[in-house]
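I have placed the structure first, in the form of structure tokens, so that the comments after it can refer back to it.
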Amino acid sequence: MVKQQSKWRFCVDYRNLNTETIPDRYPLPTIDSIFHTLCGKKIFSSLDAIRGYHQIGVREEDRWKTAFVCHRGLFQYKRIPFGLRNAPSFFQRFMDKVLGPLRWNQAVVYIDDAVVATDTMDEHLAALKQLFDSAEAVGLKFSPAKCTFAVPSLVLLGRKVSGAGVAIWKDRAQAVEHLPRPTTLQDLYHTLGLFGYYRAFIPRFAALASPLTGLLKGWRYECADGQSRLVNTEGKAVTASKVPIPWDTAQQTSFDTLKRAITHPPVLAHPDPAKPYILYTDASKDALGAILHQVHAEPAGVTVTDAIPDGPALHAMSAPEFSSDLVRRHWEAWLAADPHFGPILRRLQATSTPDDEWILKQGVLTRRLDDRVALPEAAVPFVMRALHDDRGHFGFTKTFLAAKRHFWRPSLSSMVRAWVKHCGVCQQTKQVPKVGELDISKDSSFPFEAVSFDLMYGFPRAQSGNDAVLAIHDLFSRMILLTPCHKDITAEGIAALVADRVLRFGWRPKRLVADSESRVSGSVMASLATSLGATLTPSSPYHQQANAVERAIQTVQTVLRAMAVDSKAYWDKRILPAVELAINSTPSLTTGFRPFDLVFLSHPDVVHAVFDDREHSGVHSFDERLAAASERLKDAWSAIDIARKDQKRRYDSRRAALPALKTGMRVFVRLKDRP
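Numbering follows the UniProt record's numbering, with no gaps: position 571 of the sequence shown is 571.
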């Protein structure tokens with residue numbers, strides 16, 4: 001058979017041998033995976049393994065399997081011949097091992113064609129050296145005539161790849177331009193296979209090819225005895241080369257349109273994973289379709305306002321006159337390449353009627369009804385920067401009204417909404433609806449089941465040296481325990497104070513809620529929680545509802561300031577215990593009970609300090625006091641449940657549900673004064 005460069009390749013018919021060969025399922029790389037690896041690279045080199053399979057030997061005991069007869073006698077191969085079933089898979093595995101760690105990072109290989117692609121020349125030279133060293137180690141040789149080194153663009157698998165994107169190779173496009181129309185079923189299969197290989201470059205491919213693919217209905221290929229054959233709906237095998245196909249105006253139009261699309265293709269830009277994607281979908285009774293778009297930077301030499309044509313839309317954005325030929329060429333090129341406006345533009349350039357929805361004004365596609373300008377997809381980032389980024393970063397409504405007034409394109413509102421939603425400046429500077437509903441599922445149901453603790457600062461230095469307070473808050477009874485300390489207290493010191501104030505009374509919390517500061521949520525406190533069989537839950541920063549002790553701290557600070565006016569030097573010894581007693585002896589607005597009443601069986605109050613305890617306690621025996629305490633707990637739990645549900649209702653009314661966050665998502669974290 002004839003191969004490239006008008007040379008002959010010797011092949012043997014190994015169909016019988018291949019039928020008996022166990023297939024090697026090692027996969028060949030897909031076209032998409034190859035070009036995805038080359039995405040964004042700027043320097044390319046291609047290498048072709050000389051004589052391909054013939055570089056690898058056949059084991060002596062297996063050579064008889066490759067024997068063939070010709071007019072010169074009986075021969076058998078010492079090297080792997082072309083035509084063996086597993087030759088491609090074997091050679092692909094061999095080449096993948098040669099690439100080693102370069103594979104899928106800086107190099108790809110498709111059987112015997114290897115490509116090295118990098119961003120810089122230094123990286124390129126290092127990758128080439130690594131590849132040559134690996135090839136030399138196994139005796140692999142490359143053909144100098146078929147190697148290309150350090151070029152900005154490269155032809156690979158019928159496509160031209162460069163730093164700008166992927167395009168159809170011009171030689172292949174010219175071959176398609178002279179492609180004759182198919183006359184038999186076999187010709188049609190070959191033609192659609194060729195067109196389908198480039199379907200990524202053809203918008204609405206399925207719809208355009210529908211008149212041709214419709215001719216395949218009622219036929220299918222099936223495999224039998226290792227051979228593919230064409231059968232009709234009755235299962236009768238036929239010869240595809242002998243089955244004529246009907247041909248009408250619809251088929252000719254489809255054929256010509258697809259050829260024209262391939263000979264004048266767009267350049268598919270490389271995706272940038274750092275930028276948001278926009279997925280457009282469509283469906284009809286004939287086909288399903290989807291296009292993945294992405295906003296890229298504007299071409300060099302064209303500013304945002306320069307890219308917008310003259311007219312009301314231009315003056316609305318205070319842009320300069322649309323007189324630059326460069327700008328006009330960009331806008332017209334964008335229109336011609338647009339999946340929606342391209343066909344309309346080409347039709348109007350050929351002929352137009354008075355009832356057309358669109359008209360051409362100075363080469364700009366304009367709606368006859370309202371004089372709005374057609375907005376091609378490629379011009380979206382320029383227009384949106386002018387209407388949104390350069391005009392105060394208004395929200396969706398104002399931006400959409402500005403765009404709608406002067407421009408038209410399908411799904412304009414969705415496009416504007418996506419742009420505003422992904423605007424980084426808006427996300428960082430604007431007040432957005434807070435997310436995250438109040439979780440009351442983990443509320444405690446008995447005293448000291450869950451406690452929260454935090455450090456309080458800003459106190460004057462007492463004579464003992466204390467200038468801070470560790471506050472421990474029981475989430476059920478609302479009891480608060482206040483312990484003076486130094487503001488530089490260590491995590492070990494905090495753990496010791498928590499153990500002293502809580503554990504010595506026999507309370508064993510099941511949940512510890514700590515501030516997000518490392519001293520109260522780090523490894524030391526985690527060890528304390530583990531020893532108690534409890535869980536340590538760091539609260540969210542700047543979120544008082546997440547840590548109840550922070551709300552109680554406000555009350556403590558208010559009371560402490562009021563009571564320590566005349567005794568600042570001894571506030572930690574004289575005033576702080578009195579503040580703790582006052583808070584715990586006062587009924588909570590949530591439960592209706594004093595914290596003491598819910599934690600202890602009985603506890604004296606102000607009345608008991610003046611009068612006899614037994615006369616004013618209301619109960620006398622231990623059983624009666626125990627029953628009364630049990631009732632207080634039930635009543636308190638009911639009151640807490642009602643209050644928390646009401647709090648959740650009011651809280652959730654001002655917030656949105658927390659979105660589902662996944663690993664790899666980019667989010668903004670509020671830092672305030674944190675580094």
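Positions of the beta carbon are idealized from the N, C-alpha and C atoms, including for glycine. Note that the structure is predicted; figures quoted are calculated from it, not measured.
Taking one beta carbon from each stretch, the stretch 146-160 and the stretch 38-46 have 3 or more pairs nearer than 8 Å; the two touch.
Nearest Cα to HIS330 within the set ILE494, LEU179 and PRO376: PRO376.
When the beta-carbon positions are compared, LEU156 and VAL176 stay at least 8 Å from each other.
Comparing alpha carbon positions, the residue from VAL373, PHE382 and ILE245 closest to HIS406 is VAL373. Under the three-state reduction of DSSP, THR37 is assigned to helix. Short of 7 Å from the beta carbon of LEU17, and not among the five residues preceding or following it, lie these beta carbons of its own chain, in chain order: LYS65. With contacts defined by Cβ atoms closer than 8 Å, ILE22 and ILE56 do not form a contacting pair. Comparing alpha-carbon positions, the option among HIS54, PHE82 and CYS11 lying closest to CYS70 turns out to be CYS11. In this structure, ASP122 keeps its C-beta atom at 8 Å or more from the C-beta atom of SER210.
In terms of Cα proximity to SER523, the closest of THR490, ILE480 and TRP419 is THR490.
For the pair PRO447 and SER588, the Cα-to-Cα distance works out to about 14 Å.
As DSSP reads the structure, ILE583 sits in no beta bridge. Counting only runs of 3 or more residues that sit fully inside the stretch 53-110, the beta strand (DSSP E) segments are 68-70, 73-75 and 107-110, in chain order.
By the CB criterion at 8 Å, LEU365 and PHE341 fall inside the cutoff.
At the C-beta level, LEU536 and ALA514 come within 8 Å of one another. Rounded to the nearest angstrom, the gap between the Cα atoms of ARG59 and HIS124 is 37 Å. ALA87 is positioned such that its CB atom lies no closer than 8 Å to that of GLN76.
With at least 16 other beta carbons inside 10 angstroms of its own, PHE400 counts as buried. Following the DSSP letters along the chain, one finds ILE43 inside the beta strand (DSSP E) bounded by residues 43-48.
Counting along the chain, MET456 sits inside the beta strand (DSSP E) bounded by residues 450-456.
Taking C-beta separations shorter than 6 Å and ignoring five residues to either side along the sequence, the partners of HIS388 in its chain run THR399, following chain order. Measuring C-alpha to C-alpha distances from ILE31 to each of ALA200, GLY424 and TRP571 identifies ALA200 as the nearest. Comparing alpha-carbon positions, the option among GLY83, GLU20, TYR26 and GLY52 lying closest to TYR14 turns out to be GLY83.
In the structure shown, VAL599 falls within a helical segment according to DSSP collapsed to helix, strand and coil. TRP358 and ILE344 have their C-alpha atoms some 8 Å from each other. In the three-state reduction of the DSSP assignment, VAL12 falls in the coil class.
Of the candidates GLY533, TYR26 and LEU154, LEU154 places its Cα closest to the Cα of SER162. Partner residues in the beta bridge of HIS293, as assigned by DSSP, are ILE278.
Spatial neighbours of HIS293 in its own chain (CB-CB distance under 8 Å, excluding positions within 5 residues in sequence) are listed in chain order as TYR277, ILE278, LEU279, TYR280 and GLU377.
Shown here for ARG417: same chain residues with a beta carbon closer than 7 Å to its own, the five before and five after excluded, namely PHE396 in chain order. The three-state reading of DSSP puts ASP32 in helix, counting H, G and I together. Annotation: the continuous alpha helix (DSSP H) that includes TRP419 extends over 412-421. As the crow flies, the alpha-carbon of THR253 is around 10 Å from that of LYS259. For a cut-off of 8 Å, the C-beta gap from PRO339 to ILE262 is around 15 Å, too long to register as a contact.
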